[in-house]
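Same order as they appear, the protein sequences are chains R and S. Heads up: the first sequence at position 194 corresponds to 241 in this note's numbering, and the numbers run straight through without jumps. Heads up: the second sequence at position 456 corresponds to 1378 in this note's numbering, and the numbers run straight through without jumps. Ideal Cβ placement from N, Cα and C applies to all residues, glycine included.
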Amino acid sequence: MIEETKVLTSRIHKKDSHTLESYREDGGYEAAAMALAMDPDEVTAIVKDSGLRGRGGAGFPTGLKWTFLPKDRDFTYLCVNADESEPGTFKDRVILDLDPHLMIEGTVISCHALKSEHAFIYIRGEFCRPYRRLVAAVQEAYEAGILGDNVLGTGRKLDITIHKGAGAYICGEETALLNSIEGLRGQPRIKPPFPTNHGLFGRSTVINNVETLANVPVILKEGAEVYRSRGTEKSPGTRLFSVSGHVERPGVYELEHGVSFKDMLNDICGGVKGGRALKAVVPGGSSVPVLTAEESMKLQMDFESCQECGTMLGSAGVIVMDETTDMVWALDKLTHFYAHESCGQCTPCREGTGWVAELVHLINQGRAKSADFDKLIDLGTQICGNTICVFSDAVFMPVMSYTTKFRSEFESKLIDSAPVHEKVGA
Amino acid sequence: MAKITINGVEQAVEDGLYLIEAARRCGVDIPHYCYHPGLPVEGNCRMCSVEVEGIPKLQTACTTIVQDGMVVITDSEKVVGERSDVMEFLLRNHPIDCPICDQAGECGLQDYYMEHGLHDSRITVSEKVKKKKRVDLGPNVVLDSERCILCTRCVRFCKDVVGTEELVIKNRSNHAEITTFPGKGLVNPYALNTVDICPVGALTSRKFRFQCRVWYMKNATSICPGCERGCNIWIDHHENKIQRLRPRLNPDVNNYWMCDEGRLDFHWINDDRVLRAEGPDGLMRPDEADRAVLALLSNPGDVLIVASPRSTNESLFALKRFVEVALPGAALTGGSFRPTGDDDGFLRLPDKNPNSRGMREIGIAGDLENRLNGSAGVVLVFENDLLGDRPDLESVLAGKKVVAFTSNRTATARGADLVVPVTTYAELNGSFTNHAGLRQEFRSAIRPPGDSRSVFDVVKSLSGLLGKELGWESETALTKEMTDVITGWGVRVEEETELHAG
Ligand SMILES: Cc1cc2nc3c(=O)[nH]c(=O)nc-3n(C[C@H](O)[C@H](O)[C@H](O)COP(=O)(O)O)c2cc1C
Ligand code: SF4
Ligand code: SF4
Ligand code: SF4
Ligand code: FES
């Protein structure tokens, strides 16, 4: 029987956990005071040693990303990605809502490491209470001298600006996020140049996810070594898993990287809903390839095991689907979402996602022929590989995995599929 | 210089060039929609994707800067396949209005489909996304949203070239559309350039739409007479009528652009022309007209000849010689009362005449107002609408005999005793010298209507009647002498660079 390892979420069930008072009772901002006494490069080195990997989706080593900043830069921004819009992912919300100071402390420490005096927090527009609490927490931090012109009495400067999104999934992509903050249309930029060289308002910029930054105070407090003792070699630390779908107890759970999916499902989430049989699992948010029940039973929840399994840990949004799930219906919902969210600048993505969604919808309605299905598979590959951002891959992966792994379900809905012919012949 | 290998051929190209431009200079055309050499790059259409050795994914040639040793393939199966895929996507929601679309014949979709698409339609079912077919973006430009391929050339033109930022894209995904901000329009004075650079039929000129199929038109190189900038233009004409004017690339003068005012100012060439000479007793043949003029020239000291900075260098040079050899004693002056405009910091300049500098350099004095107020009893006005520009001059001219050599029925023509038709710049080979001293040649586009003659022909005939020789066999000889004697006027050979249609 496994249990949660509450490192980031140790406080969230406390009363008023979102307030500065409560945060301070639990030793809040001590790590920041410690870090600010250190040399910035030393802080970066500790984060690098911890092996912390980004929680926003790509899993890029955080410390390494920080070292990409040019040495001779004159100004640096940190952008906190709190846009959390990936279907199946809802863990940043928990931090923003229940322990915003943890993330703010992570921001204070990270800005020190990056020599940044200004951080932007880009928060998803639909997050109402989390937004109010974040605003209040930042306000508290200013009043307590944690932010402002004299950060924790060190004479350093740090401002935080909160920017609310307007409901576009694509603004979670880091360069679209930068555009959105700048007041431009929220669409990804061509890379290179990378944000570390030419980011927000043309200046050196680091973008990190909320959960990534929430790990930073923990790392500073307990040291890289202790931090690494949890999780696996390549995926150190704990992870906030957003579990949804057909489980008895959906929710956000903090577990060590490397736990088996099976244990998570049964011990933590109370098993598949109603004791039904498992059919499919999406382990890392809607954009990663789906796994069959069989595949998922061998899966460990860390970056490398997921990769071995032909999928990705992504944002750790775990979507569980039981035997009652119509996979065509599920892909129909998903592709509808992507068709709606493509920013529309690249031809293959703009036109392709809409076309894919339309074909999946037709199949789901039982109005498509096998030529449509073949076309869908073709389109899947035509869309990706030639676009400005990886959104197109995020469409390609579910389309290809659903149609391959659950092919018969798609085929059985085609007008000219074999079973229909038999019926007609009879 | 960087050495790059394109399709197996090693070439040296300038450092810092985008691959698409480097390839073009090496004679390899990479198909493209969103790229335009006069605009910042955006890399959104994905048509220009090529293989670059060492990089697994295709790279967009319009956003990749050449590097020494780069090995590029633009015609592999992968690249060709990708182009065809992009074409298929672009046409997915395209209305294929070609039969009624003004762009047909010079359309990037048509051209590249024939070259790089040629796929069978796989659009098996259902509707295309419907969008607005006729949006008045501003006074001059009409948008068909369904035809738009969202290349953002028009957006970038307004933002980065003019700086007015009227156009934006609204909505996401395949519902994205070009629009203006609520209550605002595409009103910048250069808006029609968006129609030129739009690679498809999405943006059309309100004046040109449905007027003429592009394949009927012939084009001639010319110079816009709208102001002293002298933007290089194409005159597109059909059945001896001008259909439209378009900017012609000249990096030293106007780059790829021209202003709307200049572009739309050609109807006077097509309409309301003076076709026959006319005197108090009615219409005259050219020889009758010349004799009638001659009758007024018996006392050269009483004659004032008014030249115009709207005339070509050649006309002005001929006029000056005419006065010198055939009419010594007559006064020659030049100038214009055309209202001036502003220097808007881009193309448009205050002086609305194309050849003020040419007139000065030829040596025609600009003391027009003084001379008019003088005692001359006979005034020959060449291509100058004195009364149109300054109605108050009516009293000044009242007691004088006025001969108007004019292409149009201007106010001056209406007040003249004798009207003689002459050609416009569109019917002449000639040149204007712009504000910066650049003498720019142009070719005649259409035939002169009616009895219109060039000023050269008119003064040649008049000198003949006066028993004098101007001294040139032909206009070519005139040009030669003129460019020999005026410093800096050596013949400039125009490079005929066509604007990329797509
Ligand atoms: C289409 C798309 C949507 C994304 N949405 C989010 C998001 O909502 N939140 C997030 O943290 N990262 C998102 N990302 C990942 C970010 O681009 C970026 O990699 C991340 O914020 C970096 O932070 P990390 O290194 O701390 O993970 C998205 C990426 C793509 C391509
Ligand atoms: S891939 Fe899609 S979402 Fe990404 S930039 Fe291109 S059109 Fe926008
Ligand atoms: S834009 Fe081109 S392809 Fe489209 S309707 Fe016009 S001519 Fe045809
Ligand atoms: S209107 Fe024309 S120029 Fe503008 S984005 Fe559409 S296709 Fe491109
Ligand atoms: S992406 Fe290069 S021309 Fe459009």
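I need the boundaries of the alpha helix (DSSP H) containing residue i, first residue and last residue.
i: R/T208; result: Run containing R/T208: none in the alpha helix (DSSP H); it sits in the beta strand (DSSP E), D206 to K211.
i: R/K112; result: T109 to T114
i: R/Y124; result: Segment T123 to A129 is the beta strand (DSSP E) holding R/Y124; no alpha helix (DSSP H) there.
i: S/L1219; result: Counting along the chain, S/L1219 falls outside any alpha helix (DSSP H), and DSSP gives it neither H nor E.
i: R/Q347; result: Careful: R/Q347 lies outside any alpha helix (DSSP H) and carries neither H nor E.
i: R/T450; result: F438 to K452
i: R/Y300; result: Unbroken run through R/Y300 is the beta strand (DSSP E), G298 to E303; no alpha helix (DSSP H).
Can you grab the Cα-Cα spacing for the pair residue i / residue j, in whole Å?
i: R/K422; j: R/K326; result: 26 Å
i: R/A404; j: R/A386; result: 6 Å
i: S/P1061; j: S/N1141; result: 26 Å
i: S/H1016; j: S/T1101; result: 18 Å
i: S/F1130; j: S/H1189; result: 12 Å
i: S/V1325; j: S/E1210; result: 14 Å
i: R/T371; j: R/M359; result: 25 Å
i: S/L1319; j: S/A1113; result: 41 Å
i: R/S251; j: R/K238; result: 14 Å
i: S/L939; j: R/N433; result: 22 Å
i: R/G292; j: R/A324; result: 13 Å
i: S/D1311; j: S/G1152; result: 21 Å
i: R/A340; j: R/V328; result: 7 Å
i: S/F1304; j: R/G233; result: 59 Å
i: S/T1126; j: S/Y1138; result: 18 Å
i: S/S1144; j: S/G960; result: 21 Å
i: R/R236; j: S/N1093; result: 17 Å
i: R/K53; j: R/E301; result: 6 Å
i: R/E187; j: R/Y274; result: 29 Å
i: R/D73; j: R/D119; result: 38 Å
i: S/P1202; j: S/A1338; result: 10 Å
i: S/T1332; j: S/T1086; result: 36 Å
i: S/R1005; j: R/T400; result: 18 Å
i: R/F115; j: R/C158; result: 15 Å
i: S/G965; j: S/C956; result: 7 Å
i: S/N929; j: S/P1231; result: 53 Å
i: S/V1341; j: S/T1234; result: 20 Å
Residues of chain R with a CB under 8 Å from the CB of residue i: which are they?
i: S/T985; result: I237
i: S/G1280; result: Those do not exist, as S/G1280 stays about 45 Å from chain R at its closest Cβ, beyond 8 Å.
i: S/G965; result: I237 and I435
i: S/R1075; result: In chain order: nothing, as chain R lies at least about 13 Å away.
By the criterion of Cβ-Cβ separation under 7 Å, what are the contact partners of residue i in chain R?
i: S/V1008; result: T394 and P395
i: S/R1044; result: K422
i: S/I1014; result: In the sequence under discussion, the amino acid at residue 1014 of chain S is Arg, which differs from the Ile named in the question. Simply E398 and W402.
In chain S, what lies closer than 8 Å to residue i by C-beta?
i: R/Q429; result: D1007, E1010 and F1011
In chain S, what lies closer than 9 Å to residue i by C-beta?
i: R/S455; result: Chain S residues near R/S455: none, gap ~22 Å exceeds 9 Å.
i: R/N433; result: R968, S971, K979, L980, T982, E1004, D1007 and V1008
i: R/A386; result: S1095 and N1096
Chain S partners of residue i, CB-CB under 7 Å?
i: R/A215; result: R1094
Going along chain R, which residues have a C-beta under 9 Å from residue i?
i: S/L1072; result: G391, Q392, T394 and R397
i: S/I1091; result: R232, Q234, G391 and Q392
Taking the beta strand (DSSP E) that residue i belongs to, which residues open and close that run?
i: S/E1088; result: Looking at the DSSP string, S/E1088 is not in any beta strand (DSSP E), and its letter there is neither H nor E.
i: S/Y1178; result: First-last for S/Y1178: undefined, no H or E at that position.
i: S/D1224; result: First-last for S/D1224: undefined, no H or E at that position.
i: R/R286; result: T285 to G292
i: R/H165; result: H165 to I170
i: S/F1268; result: Element bounds for S/F1268: n/a, residue is neither H nor E.
i: S/A1142; result: K1140 to I1145
Contact defined as beta carbons within less than 8 Å: I believe residue i pairs with residue j. What is the distance between those atoms, to the nearest angstrom?
i: R/H65; j: R/P147; result: 6 Å
When you measure from the CB of residue i to every non-hydrogen atom of ligand 7, does any distance come out below 8 Å?
i: R/C436; result: For ligand 7, the structure offers nothing, since it holds only ligand 1, ligand 2, ligand 3, ligand 4 and ligand 5.
Interface positions of the stretch 394-422 of chain R facing chain S (Cβ-Cβ less than 7 Å), listed along the chain: T394, P395, R397, E398, G399, T400, G401, W402, E405, L409, A418, D419 and K422
The stretch 1318-1331 of chain S: positions lying closer than 7 Å to chain R by Cβ: none
Selection of the stretch 1172-1204 of chain S by Cβ proximity to chain R, strictly under 8 Å: none
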